[in-house]
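Novice:
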Amino acid sequence: MISSLFCNWKQKTDTEYTEKYEIYGDSTAKQQKKVKRQKVKYCTDVSKSVLNDNFEERKWIRVSSNDEWNFFWATSSSCQKLFSCGSRYRFNDNQIVNHFPNYFELTRKDALSRNMRRYRKAMEKSQLLFGVKLLNGKSVFLDFMPDTFILPADYSLLTEEFKRNPECKWIMKPCGRSSGSGIFLVDKLSQLRTWKKDAEHNISTESYVISKYIENPLLIGGKKFDLRLYVLVTSFSPLKVYLFDHGFCRFCNVKYDTSVQQLDNIFIHLTNVSIQKQGEDYNEHHGGKWSTRNLRLYLESVIGKNSTEYLFDRITWLIVHSLKAVSPVIINDKHCFELYGYDIIIDNKFHPWLIEVNATPSLTSTTTSDRILKKKLIKQVIDLVLPPSGYPDCKWPKLPARSLLTDFQLLLDEEILEMQVSIAHGRRLVTNALAEHRSKMKLLSCHNAALMQLQQERRQLQLRQECTDDVDMQLHNIKMQLHQQRPRFVMHKHRHCNLLRQSFAVKRKNLCRIHHPLRYYQRLSNRHRHADRPSFPIIHPNSEDEPPKVVHSNTSKTGSKPKKYLHYSFSNSSKSKFKTPIVTTCSGDVRGIWMKTEDNRIIEAYLGIPYAKAPIDSLRFEDPEPFGKWEGVFDGSKEPTRCLQMSIFAPGTVDGSEDCLQMNIYTPSSAEKRKYPVIFYIYGGSFMNGYASTDTYGPDKMLSRDVILIIMNYRMGFFGFASYNDRSFAGNYGLKDQSLALKWVKQNIANFGGDECRITVVGQSSGAASAHYQVLSPQNHGIINGAILMSGSADCPWAFCTRFQSANLTAKMAKLVNCPQTSAIELKKCLSSVNASEFVMNYDKFQEVWPHITLWIFPPCLESSDNEKAFITEESYKKRNACTPMMIGATSSGGTFNIATLKQTTGDHSDEKLSEFDRKFTEIIPVDLVFQDTVPNPEKKAAQLKQIYFGDERISNKTLRQLADLYSDMVYLFGIKCTIEKHSGKQYIYRFGYESFSVSQVLSGDPNFKMGVSHGDDLLYLFPLALFTSIRGTESVKDREMSRKMVDLVANFVTYGDPNPVTKTTRWCPNSGHYDYLSINPDGNLEMKTNFPTNRATSVVHCC
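With full-length UniProt numbering applied, the sequence shown corresponds to residues 1 to 1104, in that order.
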């Protein structure tokens, strides 16, 4: 309901905005005389580097507040003095300041409460929909502030409310303070009486507000958080509001607890950074903060994309109406603008609550990413409040160019709305006059329409049989001509008859007996056959059993962005619905949904299909069991639940569930008779993280080609790879999950339109190692037709361990969770009864050497050959009987990923941190590169590595490039080179070196960080990877071309077992023994080369 009301104030399109800008912005700029640009003089009493850096970068001149200034970024107290009557300060036209005179009407807690009460009453009296109330007196659309009372004035009202709801908790805040100062919780009326007595004896006691405490906040990782959003207001009359896209969440250090004993624990209840910094558990690396982008992605995975969008719509709703509530009382000075900090809490029912508004949101930077965000914020605020000349001018209408709205979105501009209303009024006058004329003209055509109605259907059928493709093409051309000649009402019969006869050069009377040629054309040819022309896709359901068709119409906007998920009612047939696709499997029927790819191709998606029973309780450390049959039709519209893991969004918290063995299937069509080749994709994540998700590994790019894409969840970490060197506790459960999913696909994929004889396993990083294991395992004989290994293989040192090493790791975990190690059966029984989250929370206990390294805690193990159910044994691992065609390669600087991760975990590469790394190099590297148990004297080997890569230099910011090379060689290239040497089948080797946006820029928290093409960068051109691409923004033309090339290579290999043809000039030749490989160069060109890059340290540590 709320989202439908936004049309009253929110911009629907950019058309009016552009027109408005052309009227006021551009013309004003053009009329300005060309004068020499003056230097802006600024002053500020806020000593924050993010402010001063922005001013200095613009080469502004700093002056004192007593001098002539143009731009004043003042504290709230300085601003009050400036506007006070005693100062008698008069502003010039070229002066602006960052506060409105009585800004406190919004930012003081008592004033905001009073203004919101007044606004609600005004809405009720005006009988607008916004003012509607429920029976309990709560506002339907304006209920976004907790019940609030002002003390001591509302003390009697508060006591009555307290008696009505004695179980509620309340939070008291001083009206004039900030940063969490003076806040406390109460749950008894006696506490209020004590406070009142103290207030009566103390004349100087400040006023307080007391609000109902939100006792059911949304928790992530068991911790409370709030949202800090930045809102820019450039005018209150008319109201002009902008929202900054990059806010952040502030987390408490301690897990949430509402017990009476914890009411006074401010580290549980108050999210203010100034308070949390004082706690023992405060993490200075990430500052207890989380970007709103990460929050969006987390919520989308929990409640879905539509519900997340609805939640954020409600947040923008409360922002706008809180500002509309104070706009009548705020003094709108044309010299002013203001940046507000909105604090919002979301409850566990996903309802947003406005807690308070800050006039001077903190500009202190607690982390590197925090500094980047706030510096960008100030830069864009200055861009928006200054006219195009860059020199302050209060006569400017405060309508910035659209190009300046980089990370800001316009929430409301009342000036534009007034213009729209006046234009709409003029249109109504014209429409009424035309309607009267149209009614008269309609009478003339009614008789002719009635005669033709009886014969129309018969003639349409006859024409369909006569028309060929060539005729249909000519009909389209006629339609274009008729559009140009089309009158307002009824076209004269002879006019369109002549056009048709001239076009076909025959006397077809049937073509001339149609009442309305355009309408007839649309019925005759309901699908446009010339789709290569730029156009906007419109969905037309043909029948209940067919998928919707895409028809391209020139009358629609060519630049509109298509929706990802399709709904089932449309403008052309609003009453008809088409059935969602249903496929029959061995487990039962599954109903899918329609989706679109990037190129607007309509495909079928079947989400969250279970392929195995939930591995819980006694099945926790057992081989997966087939799911069996489900009742009724399975709903395949919901994303799978991710498997239990440490959250990548909120480190230190557990995410997911054990009931997660599900898969997504994306197919061009399940109804067509042709058989599509199948991509079975296994995600990476150090065998510890990852999940099947449309936003991350969806079909947006891959299904532009005729292939089927499958992604599946599998057990990870301790749940997937714990073992105890016993056939009853053999391990490799994650690999066995993948194998069972492959068998399910082999059995059922034909029903989805797939070819069960063309299944290619594809994986990246640890997913590539998993894919390689699936090829090597005798359990998958006859299932896999090909393999694509990206930056990993089963030969990488981190991808395997002996069964004895795995047993030691399991024993260590057992000790941490207090399980006795009497026998494998008893141990497994005990571990199956432990709370699953305890295992995940103990992962960091395995980082004993240094906390800032990538740790491969639980890799797959090589099982004993005595176990007939073994998935992979030492014998099958060494034999390499498989001759499966393979496409294998890596990025040109994979180690950049490890450096970015190091930067993220350490906060920055300070000399102190890197000096510690340098001192502990011989301890850290054997663990990080997994050779501490495989070679004698690992510390001596580490010293040799240091000499090879660094010589006599120390590890510092200057030698990070060498450190990245070390990781590239040892972590990625070594294993890939071994696989190339051992594999007996056909090999297509590649090296991905295309330089553009990099995942390392996101991982490091530094958008300028770049040391080469990082591990994982190649995935950006095959999958959506929303976590990264949402930060990158729109793809460039070169990026889209590279994406097309990568998709073609993969699709060709999956379809034909050969990635060619790559281009018209370059042919990718298989390896002939000289390590021949395809080089994807930094500029995107493709080139064949020999001698795939060699690992410099092979002879020192590992050998194949």
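Each residue gets a CB set at the ideal place from its N, CA and C atoms; glycine is no exception.
1. Can you check whether the CB of N725 is closer than 8 Å to the CB of F800?
2. Pull up the CB-CB distance for H99 and C85, whole angstroms please, since I reckon it's below 8 Å.
3. Report the rounded CA-to-CA distance for M1046 versus F897, giving the unit in angstroms.
4. Excluding the 5 residues preceding and the 5 following S739 in the sequence, name in chain order all residues of the same chain whose CB lies nearer than 7 Å to its CB.
5. Can you give the Cα-Cα distance for N306 and S998, rounded to whole angstroms?
6. Along the chain, which unbroken stretches of the beta strand (DSSP E) at least 3 residues long are found entirely within the stretch 104-188?
7. With distances taken from CA atoms, which of E874, G304, P859 is nearest D866?
8. Three-state secondary structure (DSSP) at W856?
9. Helix, strand or coil: how does DSSP classify T979 here?
10. Based on DSSP bridge pairs, tell me the residues matched to L229.
11. Buried or exposed: where does E300 fall if 16 or more other Cβ atoms within 10 Å of its Cβ makes it buried?
12. For W1068, which three-state DSSP category applies?
13. From the DSSP output, read off the bridge partner residues of K289.
14. Measure how close the beta-carbons of F687 and M813 come, nearest whole angstrom, since I'm counting them as under 8 Å.
15. With DSSP as the reference, identify every bridge partner of I593, one or two as the case may be.
16. Hey, quick one: how far does the alpha helix (DSSP H) through A1051 stretch, first residue to last?
17. Closest to S76 by CA distance: which of E105, V50, Y119 is it?
18. Exposed or buried, E167, counting other C-beta atoms within 10 Å across all chains shown (16 or more means buried)?
19. For T1066, collect the residues of the same chain with a Cβ closer than 6 Å to its Cβ; drop the 5 residues on either side in sequence, then sort them by chain order.
20. In the DSSP assignment, the beta strand (DSSP E) including W353 goes from what residue to what residue?
21. Smallest Cα separation from L142: which of Y155, W317, I61?
22. Taking the beta carbon of residue 1130 as the centre, do at least 16 other beta carbons fall within 10 Å, making it buried, or is it exposed?
23. In whole angstroms, give me the CA-to-CA distance for T597 and M702.
24. Identify every residue that forms a DSSP beta bridge with R296.
25. DSSP three-state call for C79: helix, strand or coil?
26. Start and end of the alpha helix (DSSP H) containing F55?
27. Per DSSP, K212 forms a beta bridge with which residues?
28. Among A722, K743, N713, which one has its Cα closest to the Cα of P626?
29. Assign E56 to buried or exposed, taking buried as 16 or more other Cβ atoms, counted over all protein chains shown, within 10 Å of its Cβ.
30. Could you check what DSSP says for T1090 in three-state terms: helix, strand or coil?
31. Ends of the alpha helix (DSSP H) at M1011?
32. Give the straight-line distance between the Cα atoms of N842 and L377, rounded to the nearest whole angstrom.
33. Which residue's Cα is closest to the Cα of K289: S369, K48, N1060?
34. Can you list, in chain order, the residues of its chain whose CB lies under 6 Å from that of P640, leaving out five sequence neighbours each side?
35. Expressed to the nearest angstrom, what Euclidean distance is found between the alpha-carbon atoms of R164 and K173?
Specialist: According to the structure shown:
1. Mapped onto the sequence shown, residue 800 falls at position 800. Mapped onto the sequence shown, residue 725 falls at position 725. No. Outside cutoff.
2. Taking the sequence shown and counting its residues from 1, one reaches residue 99 at position 99. Taking the sequence shown and counting its residues from 1, one reaches residue 85 at position 85. Rounded, the Cβ-Cβ distance is 17 Å, inconsistent with contact.
3. As a position in the sequence shown, residue 1046 is number 1046, starting the count at 1. As a position in the sequence shown, residue 897 is number 897, starting the count at 1. So the two alpha carbons sit approximately 21 Å from each other.
4. For this step, residue 739 is matched to residue 739 along the sequence shown. Result list for S739: Q774, S777, Q779, N780, F871, in chain order.
5. Stepping through the sequence shown from its first residue, residue 306 is reached at position 306. Stepping through the sequence shown from its first residue, residue 998 is reached at position 998. Going from the Cα of N306 to the Cα of S998 covers about 29 Å.
6. 148-151, 170-174, 184-186
7. Here residue 866 refers to the residue found at position 866 when the sequence shown is read from its first residue. Among E874, G304, P859, the Cα nearest to that of D866 is on E874.
8. Position 856 of the sequence shown holds residue 856. Correct three-state label for W856: coil.
9. Here residue 979 refers to the residue found at position 979 of the sequence shown. It is helical.
10. Stepping through the sequence shown from its first residue, residue 229 is reached at position 229. Note: L229 sits in a beta bridge opposite Y342.
11. If you number the sequence shown from 1, residue 300 lands on position 300. Buried, since its Cβ has 16 or more Cβ neighbours within 10 Å.
12. If you number the sequence shown from 1, residue 1068 lands on position 1068. It is coil, neither helix nor strand.
13. Sequence index remark: in the sequence shown, residue 289 carries index 289 (1-based). Looking at the DSSP assignment, K289 forms a beta bridge with R250.
14. Translated into positions along the sequence shown, residue 687 becomes position 687. Translated into positions along the sequence shown, residue 813 becomes position 813. Going by Cβ atoms, the distance from F687 to M813 rounds to 15 Å, so no, they are not a contact pair.
15. Counted from its first residue, the sequence shown places residue 593 at position 593. DSSP output for I593 lists A605 as bridge partner(s).
16. Locating residue 1051 in the sequence shown gives position 1051, counting from the first residue. From DSSP, the alpha helix (DSSP H) with A1051 extends over 1037-1056.
17. For the purposes of this step, residue 76 is identified with residue 76 of the sequence shown, where counting begins at 1. The candidate whose alpha carbon is nearest that of S76 is E105.
18. Here residue 167 is taken as the residue at index 167 of the sequence shown, counted from 1. Classification of E167: exposed, given that the 10 Å Cβ count is below 16.
19. What you label residue 1066 is simply residue 1066 of the sequence shown in a count that begins at 1. The residues are L1086.
20. As a first step, residue 353 is located in the sequence shown; it is residue number 353 there, counting from the start. Residues 352-358.
21. Working through the sequence shown from its first residue, we reach residue 142 at position 142. The candidate whose alpha carbon is nearest that of L142 is W317.
22. With the chain covering 1 to 1104 only, the question about residue 1130 has no answer from this structure.
23. Locating residue 597 in the sequence shown gives position 597, where the first residue counts as 1. Locating residue 702 in the sequence shown gives position 702, where the first residue counts as 1. The alpha-carbon atoms of T597 and M702 are separated by roughly 8 Å.
24. Against the sequence shown, residue 296 aligns to sequence position 296. None; R296 has no bridge partner.
25. Mapped onto the sequence shown, residue 79 falls at position 79. In this structure, C79 counts as helix in the three-state DSSP scheme.
26. For the purposes of this step, residue 55 is identified with residue 55 of the sequence shown, where counting begins at 1. That run of the alpha helix (DSSP H) goes 49-57.
27. The residue you call residue 212 lines up with position 212 of the sequence shown. Looking at the DSSP assignment, K212 forms a beta bridge with W170.
28. Walking along the sequence shown from the start, residue 626 turns up at place 626. The option with the nearest alpha carbon to P626 is K743.
29. Numbered from its first residue, the sequence shown carries residue 56 at position 56. It counts as exposed.
30. For the purposes of this step, residue 1090 is taken as residue 1090 along the sequence shown, with counting starting at 1. Of the three classes helix, strand and coil, the one that applies to T1090 here is coil, per DSSP.
31. For the purposes of this step, residue 1011 is taken as residue 1011 along the sequence shown, with counting starting at 1. Note, M1011: premise wrong, no alpha helix (DSSP H); not H, not E.
32. Along the sequence shown, read from residue 1 onward, the residue named residue 842 stands at position 842. Along the sequence shown, read from residue 1 onward, the residue named residue 377 stands at position 377. Going by the C-alpha atoms only, they are around 38 Å apart.
33. Counting from one through the sequence shown, the residue named residue 289 turns up at place 289. Closest option to K289, Cα to Cα, is S369.
34. The count along the sequence shown starts at 1 and reaches residue 640 at position 640. Cβ within range, chain order: G608, Q662, A692, N713.
35. Within the sequence shown, numbered from 1, the residue matching residue 164 stands at position 164. Within the sequence shown, numbered from 1, the residue matching residue 173 stands at position 173. For R164 and K173, the distance between alpha carbons rounds to 22 Å.
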